[in-house]
Amino acid sequence: MEDSLDISVDFAGIRLANPVFTASGTCGYADELADFMDINQLGGFITKSITAKPRKGHATPRIVETDAGMLNAIGLANVGLEKFIEEKIPIISKLSVPVFVNLAGETISEYVAVAERLATEPSIAGFELNISCPNVERGGITFGTDPAQVTEITSAVKKAVNEKVLMVKLSPTVTDISVIARATVEAGADALSMINTFTAMALDIETRKPILANKTGGLSGPAIKPIAVYLINKVYKEVTRDRGIPILGMGGIRTASDAIEFIIAGASAVAVGTATFLEPGCAVKIIEGIKKYCARKGIANVKELIGSLEV
Ligand SMILES: Cc1cc2nc3c(=O)[nH]c(=O)nc-3n(C[C@H](O)[C@H](O)[C@H](O)COP(=O)(O)O)c2cc1C
Numbered sequence: 003m004e005d006s007l008d009i010s011v012d013f014a015g016i017r018l019a020n021p022v023f024t025a026s027g028t029c030g031y032a033d034e035l036a037d038f039m040d041i042n043q044l045g046g047f048i049t050k051s052i053t054a055k056p057r058k059g060h061a062t063p064r065i066v067e068t069d070a071g072m073l074n075a076i077g078l079a080n081v082g083l084e085k086f087i088e089e090k091i092p093i094i095s096k097l098s099v100p101v102f103v104n105l106a107g108e109t110i111s112e113y114v115a116v117a118e119r120l121a122t123e124p125s126i127a128g129f130e131l132n133i134s135c136p137n138v139e140r141g142g143i144t145f146g147t148d149p150a151q152v153t154e155i156t157s158a159v160k161k162a163v164n165e166k167v168l169m170v171k172l173s174p175t176v177t178d179i180s181v182i183a184r185a186t187v188e189a190g191a192d193a194l195s196m197i198n199t200f201t202a203m204a205l206d207i208e209t210r211k212p213i214l215a216n217k218t219g220g221l222s223g224p225a226i227k228p229i230a231v232y233l234i235n236k237v238y239k240e241v242t243r244d245r246g247i248p249i250l251g252m253g254g255i256r257t258a259s260d261a262i263e264f265i266i267a268g269a270s271a272v273a274v275g276t277a278t279f280l281e282p283g284c285a286v287k288i289i290e291g292i293k294k295y296c297a298r299k300g301i302a303n304v305k306e307l308i309g310s311l312e313v
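Each residue of the sequence shown is one higher than the last, beginning at 3 in the working numbering.
So, in structure tokens, the structure goes:
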């Protein structure tokens, strides 16, 4: 039965052999985890955020483990556009799976400039617009929390990426995520990815100081999973289902059961982030687990599961 199963999905016109990605920032530019995982077995790959200029990121400590997850304040450390083109595109070009480049910036024109430069690159299937990073002073989450700014940046970047798929990554730190999701989709987004991390803090009670050098960081991992499931289901019902816009779901996924929960809630595909730090081959194991679940349940095509929540 497992061999005749179809676990491929259509994601905004891109065919994915299976619905599992690794999440941006947790798997570098595809070469870092090559010893632990065959990236070509994934449904797709998303790069770490790229900005126009290289960024060193924040001072250390940049990561703290929490009870059910982790806090990070990396500060979008990355090699910058030119080095990305020179050194990372050749690595990405060798992959056989669709690659999304995650875009970040401090101004709309920075996002547009990076998108325009990469839009003609044949090895890139699409872009993930990061307007939800909680760990930078300028840009980041500020673009993703105000519907007017969401509209402006999404439509500007959509024009710049031309025919390529534009997926917009939403922040959970808003009053009503459907308002932002609707603004994004109406401005031309082809897909949504959700959720990015929650702004949070951990303190050292001996020194009475924050543990992270940046003071605050983004909370990820199992702690945020039920909130992610809820928000994805809300956006699926209120915004994307009737418009045929796919959601890439993420937030605390560690097992195939977690991934299936997200798909039932309304995600067309999922991404594994924090769990990769604990178990680098975890995303590939999840693909196998999804197949086993479908076989056990007599589900011939994983698409039947998308948004199949019974209420
Ligand atoms: C160490 C670390 C670095 C991250 N870097 C980025 C990034 O560069 N761009 C981005 O859009 N999201 C970034 N994220 C957010 C993840 O892609 C993901 O949205 C979030 O962590 C929730 O998924 P998870 O709980 O499975 O990790 C980062 C997360 C972590 C833990």
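All C-beta atoms, glycine included, are put in the ideal place defined by N, C-alpha and C.
- Taking C-alpha positions only, T153 is separated from L311 by approximately 30 Å.
- When the alpha-carbon of I229 is set against those of M169, I255, A121, the nearest one is in I255.
- With contacts defined as CB atoms closer than 7 Å, A75 and L214 qualify as a contacting pair.
- Cα atoms of D260 and T218: separation of roughly 27 Å, rounded to the nearest angstrom.
- Counting along the chain, A261 sits inside the alpha helix (DSSP H) bounded by residues 258-267.
- Excluding sequence positions up to five before and after L7, its CB lies within less than 7 Å of the CB of K293, C296, A297, A302, all in the same chain and listed in chain order.
- Restricting attention to beta strand (DSSP E) runs no shorter than 3 residues, the region 70-135 encloses them at 71-74, 101-105, 128-132, ordered along the chain.
- If you draw a 10 Å sphere on the C-beta of S134, you find 16 or more other C-beta atoms in it, and that means buried.
- I65 sits in a strand when the DSSP states are folded into three classes.
- DSSP places G219 in no alpha helix (DSSP H) but in the uninterrupted beta strand (DSSP E) bounded by 219-222.
- Not one heavy atom of ligand 1 is found less than 6 Å from the C-beta of A191.
- In terms of Cα proximity to T201, the closest of P136, T242, V237 is P136.
- T201 is bridged by DSSP to G220.
- For T24, DSSP records a beta bridge to F47, V274.
- Ligand 1 never approaches S173 closely enough for any of its heavy atoms to be under 6 Å from the residue's Cβ.
- Spatial neighbours of S98 in its own chain (CB-CB distance under 8 Å, excluding positions within 5 residues in sequence) are listed in chain order as N42.
- Less than 7 Å divides the Cβ of K166 from the Cβ of G128.
- By alpha-carbon distance to F47, the top candidate from T53, A54, N20, E67 is N20.
- In terms of Cβ geometry, L105 and L78 do not form a close pair [threshold 7 Å].
- CA-CA distance, V22 to A267, rounds to 15 Å.
- Annotated as proximal: A158 and V114, with beta-carbon spacing under 7 Å.
- Of K299, A258, I197, the smallest CA-CA separation from E290 is found for A258.
- Secondary structure of S310 (DSSP, three-state): coil.
- A heavy atom of ligand 1 is found nearer than 6 Å to the CB of M252.
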